[in-house]
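Heads up: the sequence shown begins at 108 in this note's numbering, then just goes up one per residue.
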Amino acid sequence: MRVEAVEGDITREHVDVVVNAANSSLLGGGGVDGAIHAAAGPGLLAACRELRRTTLPGGLPVGDAVATPAFDLPARWVVHTVGPNRHAGETDPALLASCFERSLEVAAGLGATSVAFPAVGAGVYGWDADEVARVAVGAVRAWPDATGTGTTTGAAAGRRRPACVELVRFVLFSPRVHDAFARALGA
Ligand code: AR6
Numbered sequence: 108m109r110v111e112a113v114e115g116d117i118t119r120e121h122v123d124v125v126v127n128a129a130n131s132s133l134l135g136g137g138g139v140d141g142a143i144h145a146a147a148g149p150g151l152l153a154a155c156r157e158l159r160r161t162t163l164p165g166g167l168p169v170g171d172a173v174a175t176p177a178f179d180l181p182a183r184w185v186v187h188t189v190g191p192n193r194h195a196g197e198t199d200p201a202l203l204a205s206c207f208e209r210s211l212e213v214a215a216g217l218g219a220t221s222v223a224f225p226a227v228g229a230g231v232y233g234w235d236a237d238e239v240a241r242v243a244v245g246a247v248r249a250w251p252d253a254t255g256t257g258t259t260t261g262a263a264a265g266r267r268r269p270a271c272v273e274l275v276r277f278v279l280f281s282p283r284v285h286d287a288f289a290r291a292l293g294a
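Structure (structure tokens):
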């Protein structure tokens, strides 16, 4: 699996999956969530409302992920994840790591080969960009599929298809956050 960091706007990425840094309501917000909904068009909000009505009446838990189509984005799917909100006392890095792991699991389940991530948690939710970068790069590199074997053990076994994610691209909105990810990738 190739893992890289670029500076840019994630809504312009031609990848299979664009990951959204959403909130538990899945009904939109500011930051990258607002940008993704604006670029995807009203179909995305309708799909999120349908998820809430059917499978997620209580909302999406912190650290979990769920997919919708990408509508007017150049991607095929949006995988929505919810980072821990430091301002609400959610300071466990394992929850942040879970966002990246679960998003990859959902992407792999869709058969996606390329996934673009924003710096989940590094905006409204108050995480330091260096810590997000360290956690994100660690989670992606440790993710079972990253070895290309597609093997896994424990509770996740059987939920995943054989290895298929070939590219993970972190798409960062500012030079400062991009530099944090570049450092983490070089470490
Ligand atoms: N492309 C890539 N990255 C972006 C873009 C973009 N178009 N726009 C912003 N970012 P945030 P969070 C960066 O606040 O911290 C929302 O209201 C941004 O500069 O979007 O997980 C949700 O609804 C920052 O580095 O996500 C939630 O309520 C990174 O994306 C809450 O914010 C993440 O910042 C989630 O907060």
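Each residue gets a CB set at the ideal place from its N, CA and C atoms; glycine is no exception.
Per DSSP, the continuous alpha helix (DSSP H) segment holding L158 begins and ends at P149 to R160. Exposure of D235 is indicated by the presence of fewer than 16 other C-beta atoms within 10 angstroms of its C-beta. For the 8 Å CB-CB criterion, L203 and V125 do not form a contact. For L279, the beta-bridge partners assigned by DSSP are E114. Restricting attention to A289, G218, A154 and S210, the CA atom closest to the CA of V227 is found in S210. Cβ-Cβ distances below 7 Å link L292 to V110, A112 and V244 in the same chain, with the five nearest sequence neighbours on each side left out; the list follows chain order. In terms of Cα proximity to V231, the closest of G166, N192 and R119 is N192.
A distance criterion of 7 Å places the beta-carbon of G166 beyond contact range of ligand 1, judged by its closest non-hydrogen atom. Excluding sequence positions up to five before and after A289, its CB lies within less than 8 Å of the CB of A112, all in the same chain and listed in chain order.
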